[in-house]
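Structure first, commentary second.
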Amino acid sequence: MIQRALLTLLMCIGVFSVHNALAASRTSSVIVVATMHGFHKDHPGYNYAQLYALIRDLHPDFVGVEIRPEDMSGETSYLSANYPAEMIALAHEYASRAFGFDWLGDDVAGRPIPTDWWTDHSPIKRLEREQNGDPKYQDTAELKAIGAKQRDILVHATAISLNDGRYDRLTEQHYAEIEHQLANSPYLAISRFYSERDHRLCLNIANVIRANPGKRFVVATGADHRFALVKCLPRTLGHSVALLSIEAGLADSQPRKIVRGN
C-alpha cells in the first residue's frame, strides 16, 4: 500500500516536472530595444551600425519594427517618406522574420498613408500645430527640465545606457505632465492619442508573440515608446513571456540555425 502511494506520488511529480518543462519551452523571450531614429546618424556611442550589430548579436527569431503591418510590403520610397531609416533597414534585413506593429490612428488604418497626411490631414498633427501656436499651452518648467535630462541621455547614449530604464522613467514623467497640462484643454485628444498609440503597439506585438510561442523576439521601437511596452507586454501576456534586458539577452544569446532574409 505504501509502495503504491509512493509510486503514485513519483508519477505525479514526474508529470508536474514534464508540464513545467513544456511550459518553460513555450515561454517567449522579448527584448525591447530603444532606437533614436535620425539621431543615430554619426552618433559616437550608438550609431546605425552599432544598433544593427546589437540586434544581430541578440540572435532573434523575430524582429518587430515600428512600421504598420499593412505597410510592411511597401516600396522603399513610400516607407522612407513615413518611417525611420532604422525600421526600414531592419525590415529589409530580417525579411519574413520581421513584423510591423505601428499604429497611426483608425482614420488612416488599412490604407496607404496619403502623401500630404503629415502636413495637411492628420488630425493629431493638426492639433499639435495648434497647440504649439497657443501661448497658454507651451511647455511647462517641468517639461523643459525633463526634456533637458532626456537630451543629455540621448547625446551620451549607448545601446546599454538608453535601455537601462533612466530614459524610460523620464518619458513616463513627460507624458504624465502632458496629460495633466492638457486635461481640461482643447488639446486633450493629443495626450489620449499618445496613450492609445502605445496601447495599440503593445497589442500588435502581443498578437505576434501569441502566434509564435517559445520564440525569441527583439522589438525595435523609438525610445519614447519603450517605457510603455516594457510595462504592457508582461501585463498582457503574463507568464507566457519573459522580458529580458539588453545585458541578459546578450548573455544568454546563442546563434540559431535560421536563414537570414535577403
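Just so we're aligned, residue 5 is where the sequence shown starts under our numbering, counting upward by one. Every residue gets a Cβ at the ideal spot worked out from N, C-alpha and C, and that includes glycine. Small disclaimer: the values here were computed from a predicted structure and weren't measured.
Identify whether T123 lies in helix, strand or coil by the three-state DSSP scheme. The residue given as residue 123 occupies position 119 in the sequence shown. Helix, per DSSP.
Which same chain residues end up closer than 6 Å to Q135 when comparing Cβ atoms and leaving out the 5 residues on each side of it in sequence? Translated into positions along the sequence shown, residue 135 becomes position 131. Around Q135: Y141 and Y191.
Label N188 either buried or exposed according to how many other C-beta atoms from any shown protein chain fall within 10 Å of its C-beta, with 16 as the threshold for buried. Locating residue 188 in the sequence shown gives position 184, where the first residue counts as 1. It counts as exposed.
Check for me: the alpha helix (DSSP H) holding L192 runs from which residue to which? By 1-based counting over the sequence shown, the position of residue 192 is 188. Start and end: L192 to A215.
What distance in whole Å lies between the Cβ atoms of L62 and V222, which are believed to be in contact at a cut-off of 8 Å? The residue given as residue 222 occupies position 218 in the sequence shown. The residue given as residue 62 occupies position 58 in the sequence shown. The Cβ separation is near 5 Å, so the contact holds.
Consult DSSP for V112 and reduce its assignment to one of helix, strand or coil. Locating residue 112 in the sequence shown gives position 108, counting from the first residue. The answer is coil: DSSP assigns V112 none of H, G, I, E or B.
Assuming contact is defined by CB atoms lying nearer than 7 Å, are I164 and I35 in contact in what I supplied? Looking up residue 164 in the sequence shown gives position 160. Looking up residue 35 in the sequence shown gives position 31. Contact: no.
For I194, which residues in the same chain have their Cβ closer than 7 Å to its Cβ, ignoring the five residues on either side in sequence? What you label residue 194 is simply residue 190 of the sequence shown in a count that begins at 1. For I194, where only same-chain residues beyond five positions count, the Cβ hits under 7 Å are I128, L131, E132, Q135 and L186.
Let's test the definition: count the other Cβ atoms within 10 Å of the Cβ of P116 and tell me whether it reaches 16, buried, or not, exposed. Residue numbering aside, residue 116 sits at position 112 when the sequence shown is read from its first letter. The residue in question, P116, is exposed, as its Cβ has fewer than 16 Cβ neighbours within 10 Å.
Go to F231, then tell me how far its alpha helix (DSSP H) extends in each direction, as first and last residue. If you number the sequence shown from 1, residue 231 lands on position 227. From DSSP, the alpha helix (DSSP H) with F231 extends over A227 to L241.
Can you look up T105 in the DSSP assignment and give me helix, strand or coil? Residue 105 sits at position 101 when you count from the first residue of the sequence shown. A small correction: the amino acid at residue 105 is Phe; Thr does not occupy that position in the sequence shown. Reduced to three states, the DSSP call for F105 is coil.
For A95, which three-state DSSP category applies? Taking the first residue of the sequence shown as 1, we reach residue 95 at position 91. DSSP places A95 in helix when its eight states are reduced to three.
Do you know whose CA, among A85, N86 and G104, lies nearest L94's CA? Position 90 of the sequence shown, counted from the start, is the residue given in the question as residue 94. Checked all of A85, N86 and G104; the closest Cα to L94 is G104.
Count Cβ pairs between the segment 46–61 and the segment 169–177 that sit closer than 8 Å; are there 3 or more? no
7 Å CB neighbourhood of F43 in its chain, flanking five on each side removed: For the purposes of this step, residue 43 is identified with residue 39 of the sequence shown, where counting begins at 1. Closer than 7 Å at the Cβ level, and outside the excluded window around F43, lie L158.
Which term fits P118, buried or exposed, when burial requires 16 or more other beta carbons within 10 angstroms of its beta carbon? One-based indexing of the sequence shown puts residue 118 at position 114. It is exposed - the Cβ of P118 has fewer than 16 other Cβ atoms within 10 Å.
So for A25, helix, strand or coil by DSSP? Here residue 25 is taken as the residue at index 21 of the sequence shown, counted from 1. Unreliable positioning characterises A25 in this predicted model, as indicated by a pLDDT of 38, which lies under 50. A coordinate reading is not provided.
Measure the beta-carbon distance from V69 to A224 and round it to whole angstroms, keeping in mind my assumption that it falls under 8 Å. For the purposes of this step, residue 69 is taken as residue 65 along the sequence shown, with counting starting at 1. For the purposes of this step, residue 224 is taken as residue 220 along the sequence shown, with counting starting at 1. Contact holds; Cβ gap of about 6 Å.
Using CA coordinates, which residue listed in R230, S199, A215 and D138 is at the minimum distance from L108? As a position in the sequence shown, residue 108 is number 104, starting the count at 1. Nearest option by C-alpha distance: S199.
Taking F112 as the reference, which of G137, H125, R101 and A102 has the closest Cα? For this step, residue 112 is matched to residue 108 along the sequence shown. Residue identity differs from the one stated: residue 112 is Val in this sequence, not Phe. The candidate whose alpha carbon is nearest that of V112 is H125.
Grouping DSSP H, G and I as helix and E and B as strand, with all else coil, what is L248? One-based indexing of the sequence shown puts residue 248 at position 244. Correct three-state label for L248: coil.
Within its chain, find whatever has a CB closer than 8 Å to the CB of L241; leave out the 5 residues flanking it on each side and keep chain order. Here residue 241 corresponds to residue number 237 of the sequence shown, with the count starting at 1. Closer than 8 Å at the Cβ level, and outside the excluded window around L241, lie S32, A210, I213 and R214.
When we look at the beta-carbon of A161 and count the other beta-carbons within 10 Å, is it buried (16 or more) or exposed? The residue labelled residue 161 in the question sits at position 157 within the sequence shown. With 16 or more Cβ atoms within 10 Å of its Cβ, A161 is classed as buried.
Closer than 6 Å by C-beta to D120: which residues in its own chain qualify, once you throw out the five before and the five after it? Chain order, please. Taking the sequence shown and counting its residues from 1, one reaches residue 120 at position 116. So no residue of the chain qualifies.
Residues sharing a beta bridge with T39, DSSP: Taking the first residue of the sequence shown as position 1, residue 39 is located at position 35. Note: T39 sits in a beta bridge opposite G226.
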